[in-house]
Structures are given as structure tokens and as C-alpha cells.
Amino acid sequence: MHIGLTHFLVLSAAMFCMGVLCLLSRKNAIGLLMGIELIVNAANVNLVAFSHFFGNAVAGQVFALFGIVLAAVGVTVALAIVLALYRTFHKSIEVDSASTLRG
Amino acid sequence: MTYAVMFYALCALILVSSATVALSANIIYSAFSLLFAFIGVGLIYAMLSADFLAITQLMLYVGGILVLILFAVMLTYQIEDSKRSNQSFSRWLALPMAAGLFALLTAAVLLAPWKPHAGEPPFGPMTAEIGNSLLGPYRLPFEVVSVLLVVGVIGAVVVARKEIRER
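Right, dumping it as C-alpha cells:
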């Protein structure tokens, strides 16, 4: 059985949709963060799969590397925000408890 | 043949664990199945001849990001209280939307006229090439990303510190 480019693309599409599902169905800020991580991972799988099946071009892997670094920075800042939320909104990190700006 | 078996095994691992991440009622279960999803993606990188990326995935995601997420979960939650720890809303609305998105993406992937290079794609070590291109054609993004890392760390410290008001 031959495993080609489309197999990897469908796998990453499935992973992306799991991430979107996580984002849509959660109120918990850390849960949302996990969904974002799934989405970033799916995008990286796409990049690496293209790089492999188009003649091992190094560009895809370099961009996946940059993607990993950006996800790391994002998680760092987002978790700091989560901790600040937890302190500010009475020990709750549900995202709809932070509604101070609502008119 | 072994390649196909490995691919489908990894598919099962990734899909089951990311479904658990998305749907589990307990946030601790979500965090730990995120671990297996990351490991599966790292092995997928290894199957795509991206050895350096596979190791980076293990070191950065499993060793760094996941530990950070677990830290935040433990810091912010009464874990026993799984009802509180992961309330979800409108799942019956979210599920068909995600399924529709998946159908759309799959149709696009299957219909697009990809023209990959003919023959078996080559396998080989990529670390030297990645290093050369990071300090060669990609040196500008490399430097910008290093600045971004510093900014991210400083920003995280500023946001997370306790504010002490002097009066």
C-alpha cells in the first residue's frame, strides 16, 4: 500500500479539525490553548509533508522549525495571561468570566 | 509495507489522543493525551525524513510546552473537581461544524492536482542542511525570531508578576 502526500494532508486536516473542535467547545482558557497547539502541530505536519514529497526541500522544515518556536513563545505569554486571569477573576479561568469590558 | 502499517498506527494514536484533548471532561486527561499527540506528531516527522524536527518536537513540545501547560493546570485547578475544571458548551453545535470543516478540507486535498516529484522521496540526514540554511538564506528570520523570544519572555514576566502598588 502506497502512502503518499494526500495521506499526510488528510491526517493533518483531521488534527486541525480536532483543534477547531477544542476551540469551539471549551470555555477553559488552558483548554483553548491546547486546541491552538493542536492546530499549530497540524500546520507543521503539512509543511514537513510538502517538503518531503517535493524532493526533500529544506525550506519546509525550516519553516516548521520557526512555527515550533512561535508556538513556544505563544504558550509562554498565554500561560502568563492565564495566571493573571486566575488572580484577577476570583480563581476562575473560564474565558467568559473575564467580561469586565462588556458594556 | 511496514511504512504503511506505521503510518496507520501513528494516525490512530494521533487521532484518538487529539479527540481526547478536544472532548474529555477532565482537563488533566486532556493534558496527558496532548502528550501522546505530540509524540505521535514527532514520529510522523521521523517518517517524513525530518530527523532534526522530530528531536526538536520531543524536546520543545514534550519537554517544554507540555510541562508548562501541566504546571498551569496544576496551579489553577482543584483537579478533583472535574465538573468545574472543564465545562464545555454547545458541543452539539461544535461537532457538526468541525466535521463539516474536515469534509471541506479533505475534499480540497483530494481534488487539488498535486504534482509531487516522481519516484520514491529520498531519506537522509537533514540537520546539516537545516543549519546551513538557518545561517544562510534564512538568517534574517532567524535573528528576528531570537528577538521575538526575548520579547516573549519579558512580556510573560511582566504579565504574570504580582503588582505591588505603592501608596
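Which chain is which? The protein sequence lines are A and B, in order. Number 95 marks the last residue of the first sequence (our numbering); no jumps. Number 168 marks the last residue of the second sequence (our numbering); no jumps. Glycine is no exception: its CB is placed at the ideal position from the N, C-alpha and C atoms. Just so you know, these numbers come straight off a predicted model, no measurement behind them.
Query raised in the report: Which of the residues in the stretch 4 to 27 of chain A, read from start to end, lie with their CB under 8 Å from any CB of chain B?
Result: 5, 6, 7, 8, 9, 10, 11, 12, 13, 14, 16, 17, 18, 19, 20, 22, 23, 25, 26, 27
**Report entry** Whole-angstrom distance between residue 73 (chain B) and residue 86 (chain B), CA atom to CA atom
**Finding:** Since pLDDT at residue 86 (chain B) reaches only 48, below the 50 mark, its modelled position is unreliable, and no value is offered.
Report task. To the nearest angstrom, report how far apart residue 84 (chain A) and residue -4 (chain A) are at their CA atoms. Result -> 46 Å
Requested in this report: Would you kindly check if the distance between the Cβ of residue 150 (chain B) and the Cβ of residue 67 (chain A) is under 9 Å?
Outcome: Contact flag unset, no.
Query - Three-state class that DSSP yields for residue 18 (chain A) in the structure shown - result: strand
Requested in this report: Put residue 86 (chain B) into one of helix, strand or coil per three-state DSSP.
Outcome: With a pLDDT of 48 at residue 86 (chain B), under the threshold of 50, the modelled position of this residue cannot be trusted; read the value that follows with caution. Residue state, collapsed to three classes: helix.
Query raised in the report: Going straight from the alpha carbon of residue 26 (chain B) to that of residue 99 (chain B), what length do you get?
Result: Rounded to the nearest angstrom, the two C-alpha atoms are 18 Å apart.
Query raised in the report: Around the C-beta of residue 70 (chain A), are 16 or more other C-beta atoms found within 10 angstroms, so that it is buried, or is it exposed?
Result: Under a 10 Å Cβ-count criterion, residue 70 (chain A) is classified as buried, with 16 or more other Cβ atoms of the shown protein chains found around its own Cβ.
Query raised in the report: From residue 133 (chain B) to residue 124 (chain B), what does the alpha carbon distance come to, in whole angstroms?
Result: Distance between the alpha carbons of residue 133 (chain B) and residue 124 (chain B) is about 18 Å.
Query raised in the report: Quick one: does residue 86 (chain B) have its CB under 9 Å from some CB of chain A?
Result: Residue placement at residue 86 (chain B) cannot be trusted, given a pLDDT of 48 that sits under 50; the coordinates are not used to answer.
Query raised in the report: In chain order, what residues of the same chain have a beta carbon less than 6 Å from the beta carbon of residue 0 (chain A), not counting five sequence neighbours either side?
Result: 41
Query raised in the report: Do residue 20 (chain A) and residue 86 (chain A) have their C-beta atoms closer together than 9 Å?
Result: The Cβ atoms of residue 20 (chain A) and residue 86 (chain A) sit closer than 9 Å to each other.
Query raised in the report: Does the beta-carbon of residue 104 (chain B) have 16 or more other beta-carbons within 10 angstroms, so that it is buried, or is it exposed?
Result: It is exposed - the Cβ of residue 104 (chain B) has fewer than 16 other Cβ atoms within 10 Å.
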